[in-house]
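One structure is given here, and the rest of the page talks about it.
In the numbering used here, the protein residues as written are 3 to 77.
The structure is reproduced here in C-alpha cells:
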C-alpha cells in the first residue's frame with residue numbers, strides 16, 4: 003500500500019496500473035491518483051510541487067514516472 007497526498011492508501015494494483023499505462027497523464031488524472039481535486043492539482047503544478055512537462059504555452063502533462071515516485075513507489 004502507498005499513501006496519497008491526503009494520507010489515503012493506494013493499492014499496489016493501482017501502482018501497477020500506472021506503470022503499465024501511458025508515459026504521461028493529464029493534471030486531472032494525476033490529481034485523481036493523488037486524491038486531490040483537479041484545481042488543486044493545477045495549483046500544485048504552478049507551485050512546482052507536481053512535476054509537469056509543458057507542451058506549448060498552456061498545455062501540461064505529468065510524467066507517470068514522477069507521479070509514481072510521488073506516491074512513494076519504485077519506478
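From the three backbone atoms N, C-alpha and C, an ideal C-beta is built for every residue, glycine too.
Cross-strand partners of residue 26 (DSSP beta bridge)
Locating residue 26 in the chain shown gives position 24, where the first residue counts as 1. Answer is 65.
Which of helix, strand or coil DSSP assigns to residue 20
For the purposes of this step, residue 20 is taken as the residue at position 18 of the chain shown. Reduced to three states, the DSSP call for residue 20 is helix.
One question on the structure: do residue 85 and residue 63 come within less than 8 Å of each other, judged by their Cβ atoms?
The structure shown does not extend to residue 85, since the chain spans only 3 to 77, so no value can be given for it.
Does DSSP classify residue 36 as helix, strand or coil?
Here residue 36 refers to the residue found at position 34 of the chain shown. Residue state, collapsed to three classes: helix.
Going by DSSP, what residue range makes up the beta strand (DSSP E) through residue 57?
In the chain shown, the residue the question calls residue 57 occupies position 55. Its beta strand (DSSP E) spans residues 55-57.
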